[in-house]
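**Q**
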Amino acid sequence: MNEDIKTFTISIYTENNIGLLNRISAIFQRRHINIESLTTSQSEIDGVNRFVIVVNMTETNAIKIVKQIEKQVETIRAYYHTEEETIFTESCMFKIKSDLLFNEPQIQNIIKESNTRIVTVNKEFFVLEKSGRRNEIESLRRDLNVFGIMQFVRSGRIAVTKDEMKITELLTAFNNQ
Amino acid sequence: MKTQTLKTKKVANKIERITGCEAVVRSLIAEGVDILYGYPGGAIMPVYDELFKFQDQIHHVLTRHEQGAAHAAQGYARISGKVGVAIATSGPGATNLITGIADAQIDSTPLVCITGQVASHLLGSDAFQETDIVGISTPVTKWNCQVTKSEDIPAAIAKAFYIARSGRPGPVLVDITKDAQFGELDFNYEKCKGVRSYNPIPKTSQEAVNAAAELINAAKKPMIVWGQGVILGQAEAELKTVIEKAGIPSAWTILGASALPSTHPLNIGMVGMHGNYAPNKLTNECDVLIAIGMRFDDRVTGDLSTYAKQAKVVHFDIDPAEIDKNVKTDVAVLGNSKESLAMLAEALNENSHEAWLKEFKDLYTIEYDAVINGDLNPTKEGLTMGEVIKQINIQSKGNAAIVSDVGQHQMIACRYADFNVSKSNITSGGLGTMGFALPAAIGAKMAAPEREVVAIIGDGGFQMNIQELGTIFQQKVPVKIVILNNEFLGMVRQWQQLFFDKRYASTEMTNPDFVTIAKGYHIEGKRVSNRKDMEAAVKEMIESKESYFLEVCVEKEDNVFPMIPSGASVSDVRLS
């Protein structure tokens, strides 16, 4: 009976409405499920938003949660996917003292080897940005932490699915009704 | 009612320049609203001013508390199948609606709630009587929105009605800022015909119906459990055809009650914690369980790991989120019950299951001897709740709409009331809201004045919305009120007796003189405590053309049986 807990990416296409974020997050809260990350943005369709939510749960619960989300009036469609079914990435930024860039040649090597981009440099600090898998970002953070990090921030996961989503067809079907 | 018409602009398809608050009232009229329940206050006063002007077209009922307004709107909706409307001011007015909204959400009742809100420039500033009612109501509404611009009012109300009544019905809330009520707009009301992200009725698949029919046709021991989905889908006739054609013993959930007359030979009673012995016990014996418009609530299933494990499960529902939510389904048939049951009836073979039906009858006899006979025909001196319900059945000839509150009297009412016609059992099922019945009975009686409406309430629940006696008095609502007074919060006391070693923590009630209170509201009333008086008083009450208050002093420590203890299996249903 005990089902494995896995990482699922839940993708939700919605109308762009105030309050919908609340409505959707409440569904997770009710079942005491922690949201690992949540990103919302414009989708490929004008006026349609896309949520990407990462959660750890059983597949049975993922199915139920997705149905509850789809039930919301302003949800167009909701899906859940395993890691294997998506292409995903996260992004992060580091703010570091500028002195270190010159005093610690190691840092320049780290930047080069990890494919990290320098966003800006000024007298006081410089800012790095990198996109990638969680483990790449974590290893970069560990490497830089040795020298001291003024600020670090990491985004939630964004993901596209390998399968087609067919949202445009859904909306066209509605318009033709 | 005195009518005064200050404005008589025709609602035609031409554009007029009017205020937001007038647009609210004219949108309601355009949706066919004739009665609404509410309570005025600062942030909704512009709308009340318009309600005054339009009182020849729309009747506003002043309840004595906003919770009463929400429950009255629910009662109105439950007996009529139409959308109930409640209106309140911002802040405490709006928050007082919440219990009724939550009740409507879990019991799928179509409700449109309109709340006033502080002016938009004050939003978020902790202004006087400001609450984030959209935030507060989000988890308990099917949909909600805040309108801050006058020109958005008609479309918001149109969408609200469409969403409340379509698909699986539910409550919606429209919060309108005061400046939007005062501002002007070009008014042209158009009903909402669809929302692109919302598919209210999933298409019924013929393959799914065929798969369901195949299982049912091959079944030796099929059993139906139907719920409110049958009533909401107006599928009573289709249900009856299915049941009779295939000869299937059929049970109901508390909210499904009355969809099939109580006297129907294949009606085998209620399932659930205090349901009938046979359908509970035989849930774990049937080979195909056919669930129709019900949601496998925990009060119905008891322990899920031992619920109907031997059976193939067929589930008819309009809401895809209900499929496999609690009980794993073998065949799911989505769609409107009226359509899907008609398709099922086509695909079913004519059949009968006499030996199987006899198993239900045999268990009924056991239940009758152990419980029912004592409840309905007591030989002890004290009155039972059951015999009062029996007397109401006799006097109303089973035609009354029973509006029950929550607790022991509710279970007794649902178990023993005779239901000849659909939409006759109005009760708070999912939320279990004490205080529901008195205001809900007001709404029910006003929506269906031709029906006998009898509210059955405990002494506890009555005092939760007792103020609505004022509404009954002012509006002259000829509703009948029966208080089954055992001077206890009876259901909690029963649990304390059975599971907490009779430690009666805060369940005993020292009650006021209820009849004097009713008389204070000029409602005719009587208190009875013996059998002969009770029978005569019930007769007098049913014959009364006006509202009537009857307090029946019943046995203090009677228990409701059968009972499935919380968390136990349906097969462990106890008779004592």
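Going line by line, the protein sequences match chains A and B.
In this text, residue positions in the first sequence follow our numbering: the first is 1, and each later residue adds one.
In this text, residue positions in the second sequence follow our numbering: the first is 1001, and each later residue adds one.
We treat Cβ as the ideally placed atom computed from N, Cα and C, and that holds for glycine.
1) What number of angstroms, rounded off, separates the C-alpha of B/Q1234 from the C-alpha of B/S1422?
2) Establish whether the CB of B/K1002 and some CB of chain A are separated by less than 7 Å.
3) Expressed to the nearest angstrom, what Euclidean distance is found between the alpha-carbon atoms of B/K1445 and B/V1479?
4) Beta strand (DSSP E) containing B/H1071: first to last residue?
5) Quick one: is B/S1197 near chain A, going by C-beta distance under 7 Å?
6) Around the Cβ of B/A1218, are there at least 16 other Cβ atoms within 10 angstroms (buried) or fewer (exposed)?
7) Please state whether DSSP places A/T82 in a helix, a strand or coil.
8) Taking only beta-carbon atoms, is B/P1139 less than 7 Å away from chain A?
9) Just checking, does the region 1432-1442 of chain B make contact with the region 1456-1472 of chain B on the three C-beta pairs under 8 Å criterion?
10) Quick one: grab the DSSP three-state call for A/M57.
11) Grouping DSSP H, G and I as helix and E and B as strand, with all else coil, what is B/E1443?
12) Please classify B/L1498 as buried or exposed, where buried requires at least 16 other C-beta atoms within 10 Å of its C-beta.
13) Where does the unbroken beta strand (DSSP E) through A/K130 begin, and where does it stop?
14) Start and end of the beta strand (DSSP E) containing B/M1273?
15) Enumerate in chain order the residues of its own chain whose CB-to-CB distance from A/S131 is below 6 Å, with the five nearest sequence positions on each side excluded.
16) What residues from chain A crowd round B/D1319, counting only those whose CB sits closer than 9 Å?
17) For the region 1450-1526 of chain B, list the alpha helix (DSSP H) runs that are entirely contained and at least 4 residues long, ordered along the chain.
18) Check this for me: beta carbons of B/T1241 and B/A1347, under 7 Å apart or not?
19) Have a look at the DSSP bridge pairing and note the partners of A/S181.
20) Looking at the structure shown, is B/A1127 part of a helix, part of a strand, or coil, going by DSSP?
21) Cα-Cα, which of A/V119, A/L144, A/I65, A/E124 is closest to A/Q106?
22) Helix, strand or coil: which one does DSSP assign to B/D1049?
23) Extract the residue ranges of the alpha helix (DSSP H) inside the region 1121-1201 of chain B, only unbroken runs of 4 or more that lie entirely within it.
24) By Cβ distance below 7 Å, which residues in the same chain neighbour B/G1460 in space, the five residues on each side in sequence not counted?
25) May I ask you to list the residues that DSSP assigns as paired with B/M1223?
26) I'd like to know whether the C-beta of B/V1174 is nearer than 7 Å to at least one C-beta of chain A.
27) Three Cβ pairs or more, each shorter than 8 Å: is that satisfied between the region 1021-1030 of chain B and the region 37-45 of chain A?
28) When we look at the beta-carbon of B/S1305 and count the other beta-carbons within 10 Å, is it buried (16 or more) or exposed?
29) Short of 8 Å in beta carbon distance, which residues of its chain neighbour B/I1457, apart from the five on each side in sequence? Order them along the chain.
30) Pairing CB atoms from the region 1563-1570 of chain B with CB atoms from the region 1268-1288 of chain B, are three or more of them under 8 Å?
31) So B/A1160 and B/V1140 are in contact, right, with Cβ under 8 Å, and what is the actual spacing, rounded?
32) Return the CA-CA distance between B/A1311 and B/N1284, expressed in angstroms with no decimal places.
33) Please confirm whether A/I76 has its beta-carbon closer than 7 Å to some beta-carbon of chain B.
34) Could you check whether the Cβ of B/V1134 sits closer than 7 Å to any Cβ belonging to chain A?
35) According to DSSP, which residues form a beta bridge with B/D1317?
36) Please report the residue range of the beta strand (DSSP E) in which A/Q29 lies.
**A** Straight from the coordinates:
1) Each residue's alpha carbon lies about 9 Å from the other.
2) Here the model assigns B/K1002 a pLDDT of 42, short of 50, so the residue's position is not dependable, and the following value carries that caveat. Cβ-Cβ to chain A under 7 Å: no for B/K1002.
3) Using only the alpha carbons, I get a separation of about 6 Å.
4) B/H1071 -> not in any beta strand (DSSP E); alpha helix (DSSP H) instead, spanning 1066-1080.
5) Yes, B/S1197 lies at the interface with chain A (some Cβ there is under 7 Å from its Cβ).
6) It is exposed - the Cβ of B/A1218 has fewer than 16 other Cβ atoms within 10 Å.
7) Of the three classes helix, strand and coil, the one that applies to A/T82 here is strand, per DSSP.
8) At least one chain A Cβ lies under 7 Å of B/P1139.
9) A contact exists between the region 1432-1442 of chain B and the region 1456-1472 of chain B.
10) Strand, per DSSP.
11) Sequence inspection shows Gly at residue 1443 of chain B; the Glu mentioned does not correspond to that position. Correct three-state label for B/G1443: helix.
12) Answer is exposed; the Cβ neighbour count stays below 16.
13) Run containing A/K130: 125-132, per the beta strand (DSSP E) assignment.
14) Boundaries cannot be given for B/M1273, as no beta strand (DSSP E) includes it and DSSP labels it neither H nor E.
15) Non-local C-beta neighbours of A/S131 in its own chain, meaning closer than 6 Å and more than five positions away in sequence, comprise T89, S91, ordered along the chain.
16) In chain order: K67, K71.
17) If we require 4 residues or more, the alpha helix (DSSP H) runs fully inside the region 1450-1526 of chain B come out as 1459-1462, 1469-1475, 1490-1499, 1514-1520.
18) Pairing B/T1241 with B/A1347 gives a Cβ-Cβ distance that is not under 7 Å.
19) A query on residue 181 of chain A cannot be resolved here, the shown segment of chain A reaching from 1 to 177 and no further.
20) Reduced to three states, the DSSP call for B/A1127 is coil.
21) It is A/L144.
22) Per DSSP, reduced to three states, the secondary structure at B/D1049 is helical.
23) Taking 4 residues as the minimum length, the alpha helix (DSSP H) runs contained wholly in the region 1121-1201 of chain B are 1133-1137, 1153-1165, 1178-1182, in order along the chain.
24) Closer than 7 Å at Cβ, skipping near neighbours: G1407, M1434, L1489, M1509.
25) DSSP output for B/M1223 lists B/L1289 as bridge partner(s).
26) Residue-level contact check: B/V1174 does not touch chain A, since none of the beta carbons of chain A fall below 7 Å from its beta carbon.
27) No contact exists between the region 1021-1030 of chain B and the region 37-45 of chain A.
28) An exposed status is given to B/S1305, since fewer than 16 other beta-carbon atoms sit within 10 Å of its beta-carbon.
29) The beta carbon of B/I1457 lies closer than 8 Å to those of S1404, D1405, H1409, A1437, L1438, I1481, V1482, I1483, L1484 in the same chain, with the five residues before and after it left out.
30) In this structure the region 1563-1570 of chain B touches the region 1268-1288 of chain B; the number of beta carbon pairs closer than 8 Å is three or more.
31) Taking 8 Å as the upper bound for CB-CB distance, B/A1160 and B/V1140 are not in contact here, some 15 Å apart.
32) Cα to Cα, B/A1311 sits roughly 8 Å from B/N1284.
33) Among the CB atoms of chain B, one or more fall inside 7 Å of the CB of A/I76.
34) Yes, its Cβ sits closer than 7 Å to a Cβ of chain A.
35) Bridge partners of B/D1317: B/L1334.
36) Under the DSSP assignment, A/Q29 falls outside any beta strand (DSSP E), being part of the alpha helix (DSSP H) whose first and last residues are 20-30.
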